[in-house]
Amino acid sequence: MRFALSEDQKMLQASVGKAIADLAPLDRVRRYAEGKETIAADIWAGLSDLGLPGLMIPEAHGGLGLGLLEAAVAAEALGGAVAPTPFLGSAVLAPLALTLGGTPEQQARWLPKLASGEATAGVCIAEAVAGARDGAGVVAKDGRLEGFCLFGLDAQDADLLVVADRDGKLWLAERPAETAVMSSIDETRRLSEVIFAGTPAEPLASNEALTRLRDAAWVVLAAEMLGAGQTMLEKAVAYAKERKQFGRVIGSFQAVKHLCAEMAAELEPARALVWYAAYAFDHAPEEASLMAAHAKAHLSEIGRFVARTSTEVHGGIGMTDLLGLHYWFKRLGQNRQLLGGPEKVREYAARVQGLAA
Numbered sequence: 011m012r013f014a015l016s017e018d019q020k021m022l023q024a025s026v027g028k029a030i031a032d033l034a035p036l037d038r039v040r041r042y043a044e045g046k047e048t049i050a051a052d053i054w055a056g057l058s059d060l061g062l063p064g065l066m067i068p069e070a071h072g073g074l075g076l077g078l079l080e081a082a083v084a085a086e087a088l089g090g091a092v093a094p095t096p097f098l099g100s101a102v103l104a105p106l107a108l109t110l111g112g113t114p115e116q117q118a119r120w121l122p123k124l125a126s127g128e129a130t131a132g133v134c135i136a137e138a139v140a141g142a143r144d145g146a147g148v149v150a151k152d153g154r155l156e157g158f159c160l161f162g163l164d165a166q167d168a169d170l171l172v173v174a175d176r177d178g179k180l181w182l183a184e185r186p187a188e189t190a191v192m193s194s195i196d197e198t199r200r201l202s203e204v205i206f207a208g209t210p211a212e213p214l215a216s217n218e219a220l221t222r223l224r225d226a227a228w229v230v231l232a233a234e235m236l237g238a239g240q241t242m243l244e245k246a247v248a249y250a251k252e253r254k255q256f257g258r259v260i261g262s263f264q265a266v267k268h269l270c271a272e273m274a275a276e277l278e279p280a281r282a283l284v285w286y287a288a289y290a291f292d293h294a295p296e297e298a299s300l301m302a303a304h305a306k307a308h309l310s311e312i313g314r315f316v317a318r319t320s321t322e323v324h325g326g327i328g329m330t331d332l333l334g335l336h337y338w339f340k341r342l343g344q345n346r347q348l349l350g351g352p353e354k355v356r357e358y359a360a361r362v363q364g365l366a367a
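With the working numbering, you'll find the sequence shown wraps up at 367, consecutive numbering, no jumps.
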């Protein structure tokens with residue numbers, strides 16, 4: 011049996027990689043991260059020309075009708091560039107929620123706009139997936155939402171929100187009155203606190219949608235970490251080939267070679283894990299949740315190792331702003347905790363396998 015990307019998936023991988031390299035070089039990412047721009051609309055518009063917002067949206071609604079494996083391939087490229095885009099919320103989770111549980115009218119109203127990039131969507135599911143903190147959570151009553159959610163994904167300036175209430179039911183809400191950017195370590199992905207005060211909302215019909223959204227989010231976050239880790243490895247190898255100490259490039263020292271080799275040895279097998287988790291989401295539903303959990307937890311651990319090791323190879327300049335390596339370091343750190351840290355996700359995986367109560 012051969013498990014690998016198809017020629018079309020390889021073409022998608024190359025196209026997104028080239029486009030994001032042109033649209034979001036480090037200087038462009040830095041301007042966004044420093045807060046000089048509230049949104050990176052130009053980057054998203056460029057990716058819209060490529061069809062990325064409609065990747066998972068059915069062709070009948072103007073999208074490409076592809077699956078989570080293609081989304082994971084794209085997410086790897088976006089993570090490799092620490093691109094500030096609403097891809098996870100607007101191109102993956104919101105279309106998935108609408109496809110699974112939206113009425114024909116809801117789908118017709120929102121999916122074409124999301125596919126073209128005319129509208130963007132955010133997602134507030136952190137409390138329902140990873141547990142609430144500080145009294146956070148949303149309550150639905152008579153078609154209106156009350157309360158607040160933390161760690162909203164791509165919610166800032168979004169035209170549409172997919173919100174999970176405290177019972178795990180999903181709702182569609184248009185932009186509420188108050189959305190605040192939360193302080194977080196990753197300035198390239200801003201998280202939001204979204205406050206609902208009698209906000210009108212429409213229910214989504216599927217009882218399984220939240221589980222599918224969680225699984226898809228775990229896989230996409232894992233793919234992003236794979237891409238970010240690969241970039242940190244490449245930067246470490248390039249630096250080791252040019253930096254000299256004692257008259258030799260540092261890459262000629264056995265200790266530095268081992269550090270780079272260990273990063274590659276950890277990352278390469280993780281690639282197949284992410285791809286299979288995405289494939290299982292599309293084609294093997296009985297394995298989807300378990301594989302998504304394994305991918306999220308394992309890439310969280312691999313990501314932390316690569317982030318630390320690449321920074322060590324760069325020595326004292328590893329965390330300087332001029333080099334910009336810290337943007338990948340922080341993306342890996344934030345993704346590790348989003349929608350459940352590795353300990354919590356592994357606990358879930360153990361329960362699924364009957365290894366824990």
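Glycine residues also receive a C-beta, built at the ideal position from the N, C-alpha and C atoms.
Extent of the continuous beta strand (DSSP E) run through residue i
i	result
residue 206	201-213
residue 191	188-191
residue 184	180-184
Whole-angstrom distance between residue j and residue i, CA atom to CA atom
i	j	result
residue 153	residue 37	44 Å
residue 25	residue 166	27 Å
residue 299	residue 332	40 Å
residue 132	residue 252	42 Å
residue 28	residue 94	16 Å
residue 315	residue 365	27 Å
residue 265	residue 254	14 Å
residue 304	residue 311	11 Å
residue 307	residue 109	27 Å
residue 158	residue 335	34 Å
residue 295	residue 256	56 Å
residue 33	residue 363	43 Å
residue 174	residue 141	12 Å
residue 81	residue 134	20 Å
residue 235	residue 224	17 Å
residue 149	residue 16	44 Å
Neighbour flag for residue i against chain D, beta carbons, 8 Å
i	result
residue 111	Annotation note: the requested chain D is absent from the structure, which comprises a single protein chain.
Where residue i sits in the DSSP three-state scheme
i	result
residue 258	strand
residue 76	coil
residue 328	coil
residue 13	coil
residue 99	helix
residue 162	strand
residue 115	helix
residue 348	coil
residue 321	helix
residue 299	helix
residue 46	coil
Bridge-paired residues (DSSP) for residue i
i	result
residue 151	154
residue 56	DSSP output for residue 56 lists no bridge partner at all.
residue 108	For residue 108, which the question treats as bridged, DSSP gives no partner whatsoever.
residue 132	171
residue 342	Its beta-bridge partners do not exist; DSSP assigns none.
Where the alpha helix (DSSP H) containing residue i begins and where it ends
i	result
residue 291	264-293
residue 360	352-362
residue 368	The shown model of the chain, from 11 to 367, leaves out residue 368, and the question about it has no answer.
residue 366	Unbroken run through residue 366: none, as it is neither H nor E.
residue 41	36-43
Assess, as a yes-or-no matter, whether the region 82-91 is touched by the region 278-293 under the definition of 3 or more beta carbon pairs within less than 8 Å. yes
Count the CB pairs spanning the region 56-76 and the region 100-117 that are closer than 8 Å, and state whether there are at least three. yes
Between the region 259-276 and the region 113-122, can you find at least three pairs of beta-carbon atoms closer than 8 Å? Cβ pair count under 8 Å is below three, so no.
Between the region 202-221 and the region 176-189, do three or more beta carbon pairs fall short of 8 Å? A contact exists between the region 202-221 and the region 176-189.
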